[in-house]
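Chemist: What follows is a single structure, and I will ask about it in a moment.
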Amino acid sequence: MGGRRALPRLLAVLITLSASALALLGCGDTRPINRVGTNVTDKSAFEGSWYFSRTVVAVDYEGGGLGTFPGDAAIDYVGSDLAALPRIRWVIDEDLLVAYRDYELLEGGNPSTGPDAEVDFGQPVAAYAIEKHFDIRRAYNPNTGEQLNVIEENDTDRPWNERQYMRVDWSKNLLSGYYGQSASLYELLGLFERQPADLFVQAGSRFPDAFLPQYAVMPCDGSADEDEDCTDEHRPHADDYAEGQLYHFSFVTQDLLAPGTVADPFTGQPVNWCASPFTDAPTCTTTAVYVRNAFLRVSDTREYEPQQWSDARFERAGYFRLERPTLDRSTAPDDPAHFGTDFRNYNVNRLNLWRRTRDESGALLPYAQREVRRVVYHTTPELPAHLVEPSFELTGRWNESFMGLVRELRGEPAANYPDVPCQALDPDTYCFCILDPADDSVLNPTCPGRYDPFETPAEASARGVVNPYDCHVDVPPRARPNLNDPALGNADFFGWFGARQVGSECVLDLVVNTCNERSIAENGGTTDGLRCQERGDMRYKFLSYVDQPGTPFLGIATLRGDPVTGELLVGDANVGGPALDAYRTTALQTVDLVTGNITDPRFSFGEDVRQHLENLGNVELPARPRVDFNVAAAAGQAQPSDLAAVDQVMARFMDRAQQLSGPGGRSNTFVDRRASLVGGEVEARLTRNMEVLMMSGVDVLPDGVTPENLSEEQLDQVSPLRTSAHEQLRNFMASENRASGNNVLLPNSYVDTSVTEFALRHVDWPRARLEIAVNRLLYYQTMLHELGHCLGLRHDFGASADTHNYDDAYYHIADRAPLPTPEDFDLDGTLGLSPNEQLAFENALDL
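In short: position in the sequence shown from 1, add 39, done, that's my numbering.
Written out as structure tokens, the structure reads:
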């Protein structure tokens with residue numbers, strides 16, 4: 040099929056200077072002078088419906104206060120569902136290019152299709168200014184009509200709506216940010232103000248090549264096309280779009296946001312947020328946020344079967360789903376209008392696993408006749424080399440579930456991985472032998488066999504696997520370095536960038552980004568000239584490593600899909616690099632303290648940090664001591680700006696301090712003002728209901744006692760007004776200590792402690808191996824979780840009641856150390872527990 044490539048519609052999409060000149064150049068003519076500008080688009084490119092996404096691709100460090108990060112995907116705040124993408128169609132007016140939804144937010148409320156449609160488009164999502172409508176043609180002498188040797192933009196000969204091309208100002212969406220990132224919402228609330236310097240990155244700018252407009256025209260004639268132009272970039276979508284059809288385009292814009300005005304919490308006066316006393320006040324600077332605006336054409340041939348996920352199903356398996364309300368309107372005199380109904384579009388958010396679901400007659404194809412549509416994820420350029428292996432491993436865990444699902448639906452024999460004996464060599468690998476502390480007997484002599492993504496089918500068969508999956512990771516030679524090498528570094532894992540997933544049964548694929556640490560290093564430390572898989576490009580899904588200083592999270596998922604059918608189209612599993620660094624650093628600091636690598640005083644005074652900074656040659660001397668309470672330094676004078684800022688703060692506090700002076704000052708303190716409410720109506724209204732008593736830890740009252748007749752002693756225990764702040768703090772610390780004494784730890788402490796325990800278990804490892812192992816452990820567990828979200832799964836706490844979700848070891852523990860039962864506290868022999876018996880039972884559970 041080679042040699043037949045002619046992309047007839049590419050020139051109709053993006054007209055460059057040279058292309059437009061050649062298009063109008065006759066045989067033997069002198070090359071004409073081309074006066075056509077940049078950013079020229081053929082209006083025919085905007086036919087049909089499109090999915091619209093906005094994704095942050097870069098942000099300043101100070102952008103942490105905006106709550107955004109590279110990979111932050113816009114949320115459709117009015118789209119009724121977290122995972123919904125706006126689906127739009129374009130309307131070209133003389134001055135505006137407007138993107139309207141092609142569906143209803145309220146189903147049945149405003150029909151937009153069919154013979155009885157009231158309108159032909161829904162609510163607008165975006166609007167961009169049109170700078171010019173024009174045709175591209177040769178200039179001519181207006182008197183004689185003679186054509187000149189100049190190619191120009193003609194905006195006079197035909198009405199604007201008949202001209203073929205236009206130039207759009209993509210720099211700013213003129214509509215309010217109801218579809219956008221957190222920063223867009225902050226702008227609506229006035230916390231940030233958009234600065235009048237929006238930017239649309241075009242050719243010739245000094246921004247990275249990745250920021251330039253990108254247009255994807257389908258070069259494949261179906262996914263089976265073997266022509267060299269049909270590359271992996273396009274093949275996954277080749278069955279959805281016709282050859283030569285523009286199916287995706289994107290451009291990057293710059294949003295400049297500065298802190299807005301808020302009310303001072305002390306004075307009530309307006310003050311810039313960055314200069315306010317709020318603890319979350321951002322830096323006083325303008326922050327640049329670069330956003331990729333991407334549009335993916337809605338395919339006319341792609342097949343997907345929506346699935347309603349009713350409440351009954353949702354309670355058993357928590358999936359993300361649409362929750363679009365419906366409206367029942369009257370359509371005939373004898374048809375009553377119910378308007379708002381209880382019926383909702385509960386289509387589940389899930390991946391499309393099949394290329395075709397129906398035959399030519401429209402009948403559903405049996406699963407055995409369906410071809411799998413592979414779901415492909417890519418890494419991001421920032422991913423450290425030592426994390427590529429756990430990326431393949433965690434993808435393999437989910438891939439195993441999908442391959443098993445496909446076999447089950449097709450009625451094919453299941454893969455049978457035999458049980459494996461427990462091993463006592465490495466407590467960090469699968470099926471480590473657990474010993475009974477009482478007699479050292481092995482509690483788990485065997486463990487269920489499982490799929491190994493790095494094992495070939497032949498290797499699996501050799502160890503007794505029946506019907507192994509035909510999917511594995513092909514690892515390049517020498518990709519696995521010597522982990523015990525004291526000089527081990529991240530670059531020693533560069534061989535992993537050559538790994539790839541192969542096999543006929545793979546459903547969930549992971550592909551290493553063309554732009555990675557190795558390829559970027561070989562390219563002189565830049566991505567310019569490399570064909571990367573870019574964040575925000577709707578053709579790709581990512582395991583996204585966010586290496587952005589100030590990123591507050593450890594993991595977050597951003598899944599998005601069709602707003603009507605629920606089909607998941609894009610979605611990134613994001614992990615915060617700074618959070619990984621913080622957990623690793625905390626764990627290894629503990630190791631250093633426990634092993635004596637650093638003394639307590641040296642750690643407490645920060646000498647280890649100071650030494651590290653000295654090694655980097657980045658040391659700032661401590662601040663000079665103050666003479667007294669004013670801002671004068673021991674030598675010289677303070678900066679006038681510092682002096683004014685401190686004076687303003689102190690003046691504000693002095694105004695408040697005046698309220699505490701004089702005979703009545705004591706009564707204005709918070710403690711006294713709260714104490715004045717004891718015994719009054721406010722306290723009574725707070726304590727005369729079981730809800731407040733339950734918040735105080737009282738679930739059941741003794742016989743004869745109601746919330747309305749509590750004694751003073753009982754009020755002392757439950758009233759929020761009768762315990763001082765200091766006593767509350769002491770009670771909190773006592774509660775924490777009691778929980779800790781029973782091995783019950785809060786989530787953050789639990790994570791820190793578990794990581795520290797892992798590090799302490801391997802103090803005999805070289806330091807480099809230990810650091811890399813801790814990083815891999817945190818990354819694997821976090822991304823395994825976030826990728827599950829991207830596949831549609833929610834946090835499903837109801838699963839805690841499913842006995843099959845617990846390992847066998849849990850039941851061994853329950854047998855040896857059983858919890859108290861209600862029957863142990865039934866002293867009177869009557870059915871059920873009395874209030875006093877119930878309290879005794881609950882107290883026993885708390886011990």
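Positions of the beta carbon are idealized from the N, C-alpha and C atoms, including for glycine.
If we ignore side chains and look at the alpha-carbon of each, how far apart do proline 364 and glycine 357 end up?
Modeler: 20 Å
Chemist: Is the distance from the Cβ of leucine 230 to the Cβ of asparagine 388 below 9 Å?
Modeler: no
Chemist: Would you tell me roughly how many angstroms separate the C-alpha atoms of glycine 443 and tyrosine 343, rounded to the nearest one?
Modeler: 20 Å
Chemist: Taking buried to mean at least 16 other C-beta atoms within 10 Å of its own C-beta, is threonine 604 buried or exposed?
Modeler: buried
Chemist: Would leucine 295 and valine 328 be called neighbours here (beta carbons separated by less than 9 Å)?
Modeler: yes
Chemist: Give me the Cα-Cα distance between phenylalanine 160 and glutamate 86, rounded to the nearest whole angstrom.
Modeler: 14 Å
Chemist: What residue does the alpha helix (DSSP H) around aspartate 475 start on, and which one ends it?
Modeler: Note, aspartate 475: premise wrong, no alpha helix (DSSP H); not H, not E.
Chemist: On the three-state DSSP scale, how would you describe aspartate 846?
Modeler: coil
Chemist: From glycine 871 to valine 721, what distance separates their C-alpha atoms?
Modeler: 36 Å
Chemist: Should cysteine 323 be labelled buried (16 or more other beta-carbon atoms within 10 Å of its own) or exposed?
Modeler: exposed
Chemist: Taking the alpha carbon of arginine 623 as the reference point, which residue from Ser643, Thr634, Leu593 has its own alpha carbon closest?
Modeler: The shortest C-alpha separation from arginine 623 is found at Leu593.
Chemist: Pick out whichever of Gly503, Asn521, Gly542 has its Cα sitting closest to the Cα of aspartate 513.
Modeler: Gly542
Chemist: Taking asparagine 332 as part of the alpha helix (DSSP H), name the residues at either end of that continuous run.
Modeler: That residue, asparagine 332, is in no alpha helix (DSSP H); its beta strand (DSSP E) goes 326 to 336.
Chemist: Taking the alpha helix (DSSP H) that serine 400 falls in, what are its first and last residues?
Modeler: First-last for serine 400: undefined, no H or E at that position.
Chemist: Assign asparagine 728 to one of two classes, buried (16 or more other C-beta atoms within 10 Å of its C-beta) or exposed (fewer than that).
Modeler: exposed
Chemist: Which two residues bound the contiguous beta strand (DSSP E) that contains tyrosine 286?
Modeler: Per DSSP, tyrosine 286 belongs to the beta strand (DSSP E) from 285 to 298.
Chemist: Starting from glutamine 687, trace the beta strand (DSSP E) in both directions and tell me its first and last residue.
Modeler: No beta strand (DSSP E) contains glutamine 687, which is instead part of the alpha helix (DSSP H) from 679 to 696.
Chemist: When DSSP labels each residue in this structure, what does glutamine 408 get in the three-state scheme?
Modeler: helix
Chemist: Can you confirm whether the segment 411 to 425 touches the segment 546 to 557 when touching is taken to mean that 3 or more C-beta pairs between the two stretches lie within less than 8 Å?
Modeler: yes
Chemist: Count the other CB atoms, across all protein chains shown, that sit within 10 Å of the CB of tyrosine 850; report buried if there are 16 or more and exposed otherwise.
Modeler: exposed
Chemist: Indicate the three-state DSSP secondary structure (helix, strand or coil) for isoleucine 131 in the structure shown.
Modeler: strand
Chemist: From the DSSP output, in three-state form, read off isoleucine 54 for me.
Modeler: Because the pLDDT at isoleucine 54 is just 40, under 50, the model does not fix this residue reliably, and the value given afterwards should be weighed accordingly. Coil.
Chemist: If you follow the beta strand (DSSP E) that serine 210 is part of, which residue opens it and which one closes it?
Modeler: Premise fails: serine 210 is in no beta strand (DSSP E) and is neither H nor E.
Chemist: Roughly how far, in whole angstroms, is the beta-carbon of arginine 202 from the beta-carbon of aspartate 174, given that I think they are within contact range, below 8 Å?
Modeler: 5 Å
Chemist: What's the call for serine 289, buried or exposed, on a 16-neighbour Cβ count within 10 Å?
Modeler: Looking at its Cβ environment, which holds 16 or more other Cβ atoms inside 10 Å, serine 289 is buried.
Chemist: What number of angstroms, rounded off, separates the C-alpha of alanine 812 from the C-alpha of serine 500?
Modeler: 30 Å
Chemist: How about asparagine 212 and tyrosine 167: are their beta carbons less than 9 Å apart?
Modeler: By the CB criterion at 9 Å, asparagine 212 and tyrosine 167 fall inside the cutoff.
Chemist: Starting from proline 496, trace the alpha helix (DSSP H) both ways and give me its first and last residue.
Modeler: 496 to 501
Chemist: Determine the contact status of serine 223 and alanine 123, defining contact as a CB-CB distance below 9 Å.
Modeler: no
Chemist: DSSP puts proline 487 in a beta bridge; with which residues?
Modeler: Paired residue(s): none; proline 487 is not in a bridge.
Chemist: Under 9 Å between the Cβ atoms of aspartate 611 and glycine 110?
Modeler: yes
Chemist: Check each candidate in Asn529, Ala840, Val505, Leu404 and name the one with the smallest Cα separation from proline 423.
Modeler: Among Asn529, Ala840, Val505, Leu404, the Cα nearest to that of proline 423 is on Asn529.
Chemist: Spell out the partners DSSP gives glutamine 347 in its beta bridges.
Modeler: In the DSSP output, where bridge partners are listed per residue, glutamine 347 has Asn386.
Chemist: Who pairs with serine 88 in a beta bridge, going by DSSP?
Modeler: Arg128
Chemist: I'd like the ranges of any beta strand (DSSP E) spanning at least 3 consecutive residues and lying wholly in the segment 556 to 633.
Modeler: 580 to 585, 594 to 600, 607 to 615
Chemist: Which first and last residues belong to the beta strand (DSSP E) in which histidine 834 is found?
Modeler: Premise fails: histidine 834 is in no beta strand (DSSP E) and is neither H nor E.
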